[in-house]
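Counting along the sequence shown from 1, when you hit position 111 you're at 461 in the numbering used here, and nothing is skipped either side.
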Amino acid sequence: MDEVLFRGSQKIENLQVQLSLAAIHSKEILHQYSQQSKTALLQAWNSSYTQQAKASLRELWQYFVDLGERVQTNLLEHLDPEKLYYNLVKVLWKKWTKRDFCFLCAGFICGSIVGVVFAISIKKKESVIRYMQAVQCTNYLGIESATVVENARAPDVCRENDVIISVKAASIHVIDAQICSGYGRTLRKILQKIYNKHSKKGLPVTLGRDCAGIISDIGSNVKRLEVGDEVWLTVPFWDVGTLSQSVIVPEFRIGRKPKNIGYEGACSLPYAGTVALNALKEVDISQENAQDKKVLIIGGCTPVGCVLIQILAHWSANVTTTCTKRAVPVAKALGADDIIIFPPEDNDKSNEGVAAFLKELELRDKFDCIIMTRNCDLKIKELDFFSQKGIVSTLPEERQSDSCGFCGETLLGTYIYLKSIIEKILGLSLNDYDEGHMCYVTLDELSEMVENGFLQTVVDKVFHPQDIEIALNHIQSDDSIGSTVITFR
351 MDEVLFRGSQ KIENLQVQLS LAAIHSKEIL HQYSQQSKTA LLQAWNSSYT QQAKASLREL
411 WQYFVDLGER VQTNLLEHLD PEKLYYNLVK VLWKKWTKRD FCFLCAGFIC GSIVGVVFAI
471 SIKKKESVIR YMQAVQCTNY LGIESATVVE NARAPDVCRE NDVIISVKAA SIHVIDAQIC
531 SGYGRTLRKI LQKIYNKHSK KGLPVTLGRD CAGIISDIGS NVKRLEVGDE VWLTVPFWDV
591 GTLSQSVIVP EFRIGRKPKN IGYEGACSLP YAGTVALNAL KEVDISQENA QDKKVLIIGG
651 CTPVGCVLIQ ILAHWSANVT TTCTKRAVPV AKALGADDII IFPPEDNDKS NEGVAAFLKE
711 LELRDKFDCI IMTRNCDLKI KELDFFSQKG IVSTLPEERQ SDSCGFCGET LLGTYIYLKS
771 IIEKILGLSL NDYDEGHMCY VTLDELSEMV ENGFLQTVVD KVFHPQDIEI ALNHIQSDDS
831 IGSTVITFR
């Protein structure tokens, strides 16, 4: 044991000696390099090139000093009060002729007029701030956060491709209730920053996805519409809301309102109708191939369901739909061939109610497609068996971006911004966030259907803006039939 300790101590001593020698050697190297660097700097500073540069800088500095002194001398000479007074007296006290006096007056008058006109032309216009009534969501705590404000700022500047509309009526949808709980808040902030820079980001959020009204102002590039036109429009979930007395939107989202319906009826169709036509496009059903196709619509008396039943019935499809017992007469009137009462009258959405509904479906042949327009306790996998071509949902899809943090929001915003630049360079249009079908082309197609008489408006209740909480509760209940409307008249 003593031998081990002795050998260990010897190794430690050797290591200490080596470290000491290495430290001394390193110090000598550093000292040598520092001396060499110092010598090199001194040589460079005392070199002929450096001396020439320093001489040039001194000459330049002396030149600016002399120039400043000469300017100062000249200013003092010309601005000498005694000289100024002498020259002024010499001019004013000379003998004035009538002609000189006329020229003086004319010059004074002309100069005054030019000065006044110039001052008026450069005077900044004071913008007149106008306020309006609007239905807004002040936080994301549910429909209780929806309220009416009387001092929302009204749009006053109409940009070149935009249109300002005086809103007469607007409808509300299930998505408005979801927006009150935070639906789409991250994407709304990002997309409005890119595509609608002049709108207010974040809270408060104006509710409403469609409306009908009269054009009050148009941008310089707007050619398709004119001031005074009766129009209807729809916007995606992330764009400006329409539940306000006035709204500004891009021209391509606006269509002319059908002449044979009023504002309350007209506002019930733009959002529901464009969503319905888009759903039919997804399941590849058109007027040419719809005949005798079997379609199941879950929620036939929702705003979207009412439109789907009428269009498919007109196209000679075989329509089966679900609705409450109260809504059965409406579903029959709209053209449904087969009606399943679901949920039952006692509002039973338990497993027994779902099981009874699935048994009803087992008694029927397979459907070509199933379209879901209302939330229920059914999962899409449970319905796959009853459809040949699959299931399409018109309900607002879940947005995972709503729960991402600051880092996730920053990354998503950067991705969307870069993607928008590429789309702009390539001349592509934004079509990733539920807005491709929300344009005047689809609205004109709906308008033709209404004017031809086979698409009717279904308005359940009309509320005033002050009743917004009642209206939002009603649109989410099983008792609602068709659209719920807010009127601003």
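Where is the CB? At the ideal position from N, CA and C, for every residue including glycine.
- Taking 8 Å as the upper bound for CB-CB distance, residue 484 and residue 595 are in contact here, some 7 Å apart.
- Straight-line spacing of the CA atoms in residue 680 and residue 664 works out to 16 Å.
- Taking residue 673 as the centre and dropping the five residues before and after it, the same chain places the C-beta of 650, 651 and 681 closer than 6 Å to its C-beta, in chain order.
- In the three-state scheme derived from DSSP, where H, G and I count as helix and E and B as strand, residue 747 is classed as coil.
- Membership of residue 600 in the beta strand (DSSP E) is indicated by the continuous run 596–600.
- At least 7 Å separates the beta-carbon of residue 424 from that of residue 511.
- In this structure residue 607 touches residue 580 by the C-beta definition: roughly 4 Å separates them, less than 8 Å.
- For residue 668, the secondary structure class from DSSP, reduced to helix, strand or coil, is strand.
- Its chain contains 536 as the residues whose beta carbon lies nearer than 6 Å to that of residue 759, once the 5 sequence neighbours on both sides are disregarded; these appear in chain order.
- With 16 or more other Cβ atoms inside 10 Å of its own Cβ, residue 648 counts as buried.
- DSSP lists 582 as the bridge partner or partners of residue 605.
- Distance between residue 623 and residue 617, taken at the CA atoms: about 10 Å.
- Taking a contact as a CB-CB distance under 8 Å, the pair residue 836 and residue 565 does not count as one, their CB atoms being some 20 Å apart.
- Between residue 825 and residue 597, the alpha-carbon positions lie close to 23 Å from each other.
- Pairing residue 703 with residue 732, the inter-Cα distance amounts to about 14 Å.
- The shortest C-alpha to C-alpha distance from residue 813 to any of 797, 498, 795 and 532 is the one to 498.
- Residue environment analysis places residue 546 among the buried positions, since at least 16 neighbouring C-beta atoms fall within 10 angstroms of its C-beta.
- One Cα belongs to residue 645, the other to residue 694, and the distance between them is close to 21 Å.
- Residues 608, 609 and 610 of the same chain have their beta carbon placed closer than 8 Å to that of residue 801, with the five preceding and five following residues left out of the count.
- Leaving aside the five residues that flank residue 544 on each side, the residues in its chain whose CB is nearer than 8 Å to its CB run, in chain order, 766, 767 and 770.
- Burial state of residue 626 is buried, judged by a 10 Å Cβ sphere holding 16 or more other Cβ atoms.
- Annotation: the continuous beta strand (DSSP E) that includes residue 501 extends over 496–503.
- For residue 723, the three-state secondary structure derived from DSSP is coil.
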